Amino acid sequence: MKNVVVFTGAGVSAESGISTFRDHGGLWEKYKFEDVATTEAWIRQPKIVLEFYNARRKEVIQAKPNRAHELISKLQSYFNTWVITQNIDNLHERAGSKNVMHLHGEIMKSKSSINPNIIYDVKNGEIKWGDLCELGSQIRPHVVWFGEEVPLMPLALQKVSEADILIITGTSLQVYPAAGIIFNANKNCEIFLIDPGEVSTHSPIKINRIKEKAGKGMEMLFEKLKLD
Ligand code: OAD
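One gets the numbering used here by counting positions in the sequence shown from 1 and adding 73 to each.
See below:
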């Protein structure tokens, strides 16, 4: 079986009703990321940070996987497939994808604020101020904030380097180090980019562009790859 890596961003969940970050009307128009998605924000105003992620979690619980998530999951029938996502939602898993790597963490999980290896499922949909880990410290969302390390990067880079086909969808490729994984593709890798917007890649390898939303674009890719 060929190796396929699907690299996704917020746009893949847009058709499920979850906001992207940098599109018109996106989350970073409503919030300053410095106020909600950095360690400094957590130190300065933890309750506001918790509120922001509690709202994101609520959206995710209400959302359903869309056609793109479903087709991405279907790739597993044909290929050895890895989904590398920047999304913190669980829509890839809910659509049936098995090998999912969340570079920026998972909204449905929390972790200790003093030991990042102590991870819990978020019960009742919310993390409250005063919810403590077993070491007695406040728990925080299990997400990667700006300026924090991305622990899964080495594994992501390895999977991309082994890919015969790399499918990129729903990401503006503006946030590093995640966006840099494209440079790890080997020279024989076939790269497809599905996005309705203009995305600059700076990739030395030719990119096959499908200028469509993720659902329609994945359908077109299935036709192109002659999959049913
Ligand atoms: P962005 O909001 O930066 O980019 C969204 C991309 O999705 C754009 O290229 C849009 O054109 C595209 N898009 C919009 N609707 C779409 C649709 N229906 N189908 C397919 N594509 C569509 O989101 P990301 O690139 O995911 O990180 O952002 C990367 C990171 O920045 C996030 O993980 C988050 C954010 O700040 C952290 O919070 C650390």
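Backbone N, C-alpha and C fix where the C-beta goes; we use that ideal spot for every residue, glycine too.
Note that this is a predicted model, so its numbers are computed, not measured.
Cβ-based neighbour list, residue i, same chain, cut-off 6 Å, excluding 5 preceding and 5 following
i, result
"Glu-72", "No information on residue 72 is available, as it lies outside the stretch 74 to 301 that the chain covers here."
"Met-226", "Pro-250"
"Ala-136", "Ser-89, Gly-90 and Ile-91"
"Cys-262", "Ala-236 and Leu-239"
"Val-195", "Met-181 and Ser-183"
According to DSSP, residues forming a beta bridge with residue i
i, result
"Arg-282", "Leu-266"
"Thr-158", "Thr-81 and His-175"
"Arg-167", "Looking at the DSSP assignment, Arg-167 forms no beta bridge with any residue, so it has no partner."
"Val-216", "Gly-178"
"Ile-238", "Val-77 and Glu-263"
"Gly-205", "According to the sequence shown, residue 205 is Leu rather than Gly. Answer is Gln-211."
"Ser-185", "Ile-212"
"Asn-153", "Asn-76"
Enclosing beta strand (DSSP E) for residue i [first to last residue]
i, result
"Tyr-193", "192 to 194"
"Pro-224", "Run containing Pro-224: none; DSSP gives neither H nor E here."
Close Cβ partners of residue i (< 8 Å) along its chain, the five nearest in sequence each way excluded
i, result
"Ser-276", "Ile-255, Phe-256, Ala-258 and Ile-264"
"Ser-273", "Leu-246"
"Trp-218", "Ala-110, Thr-111, Thr-112, Ala-114 and Trp-115"
Segment limits, alpha helix (DSSP H) that includes residue i
i, result
"Ile-294", "Strictly speaking, residue 294 in this sequence is Leu, with Ile absent from that position. Run containing Leu-294: 287 to 297, per the alpha helix (DSSP H) assignment."
7 Å CB neighbourhood of residue i in its chain, flanking five on each side removed
i, result
"Gly-169", "Ser-146"
"Pro-210", "In the sequence as displayed, the identity of residue 210 is Ser instead of Pro. If we look at Ser-210 and ignore the five residues flanking it on each side, its Cβ neighbours are Ser-185, Ser-186 and Ile-187."
"Gly-220", "Thr-111 and Thr-112"
"Glu-285", "Ile-267, Pro-269 and Met-293"
"Phe-295", "Leu-144"
Item to complete: Taking only runs that begin and end inside the stretch 240 to 276, name each unbroken beta strand (DSSP E) of 3 or more residues, in chain order.
Response: 263 to 267
Item to complete: Entirely within the stretch 90 to 145 and at least 4 residues each: give me those alpha helix (DSSP H) ranges in chain order.
Response: 100 to 103, 106 to 109, 112 to 117 and 119 to 135
Practice prompt. Report yes or no: do three or more beta-carbon pairs, one from the stretch 180 to 193 and one from the stretch 207 to 218, lie closer than 8 Å?
Written response: yes
Worksheet item: Using 8 Å as the Cβ pair cut-off and three pairs as the minimum, do the stretch 112 to 126 and the stretch 277 to 287 touch?
Response: no
Worksheet item: Just checking, does the stretch 76 to 90 make contact with the stretch 146 to 166 on the three C-beta pairs under 8 Å criterion?
Response: yes
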